[in-house]
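Right, one structure below, let's go through it.
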Amino acid sequence: MLTVDQKAEPGVSAEQLPLLLGDLVTVANRLTRLAAQSTESAESPAVWRTLSTLVSLGPVRLGELARQSRVSQPTMTKIIRNLDQVDWVKRIVDVDDGRAWQIAITPKGEKALHDWRDTLAEALVPHFSDLAADELEHLIEATRILQQRVAVGTLLSKRDDA
């Protein structure tokens, strides 16, 4: 099993890739929890995940939003009701079906999400402020690779191909 403490040899083998990706997911979850626990926010992670999904996908129907956020429709209905009350989302008519509604993020919701991300980043700075220049370059490159691989459009097209 690869761990963060081990140096991976150039060219990770096919057998090592699943272990490396498993470690990556585990570390990313720890990083997210560390950042969230360092803030004063009482908002559920589902709120931020929902807003982030709306930024990535644009307006979507409630069922698709629930599926993307991995929650039930009744749970998403409650999340959207609460977000609507603080004007972070709005309901708009579905252009493809005038009887249906889509959920869209509002400018106020976009600002809340941006502020939350800034707060998370600031909470993590003390944990990374001592990185050497080459380590920062590696972090930048790893972030770029991950952003390309997990872009919402990429994920949706891979799911549709399956």
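Heads up: the sequence shown begins at 2 in my numbering, then just goes up one per residue.
Just so it is clear, CB atoms sit at the ideal spot from N, CA and C, and this is done for glycine as well.
From a predicted model like this one, the values you see are computed outputs, not experimental measurements.
Of the residues assessed, Gln69 falls on the buried side of the cut-off, its CB having 16 or more other CB atoms within 10 angstroms. Take Ala43, set aside five residues on each side of it, and no residue of its chain has a beta-carbon closer than 7 Å to its own. Remark: C-beta atoms of Asp24 and Arg62 do not approach each other more closely than 9 Å. Secondary-structure assignment with DSSP links Ala105 through a beta bridge to Lys91. Annotated three-state conformation of Val48 is helix, per DSSP. Per DSSP, the unbroken alpha helix (DSSP H) holding Thr33 starts and ends at Gln17 to Gln38. If you check the CB distance, Ser53 and Ala124 do not come in under 9 Å. Going by beta carbons, Lys91 and Asp85 fall inside the 9 Å limit.
DSSP places Ser70 in the uninterrupted alpha helix (DSSP H) bounded by Leu63 to Ser70.
In the structure shown, Asp131 adopts coil according to DSSP, grouped into three states.
Judged by beta-carbon spacing, Asp88 lies within the 9 Å limit of Thr107, meaning their Cβ atoms are closer than that value.
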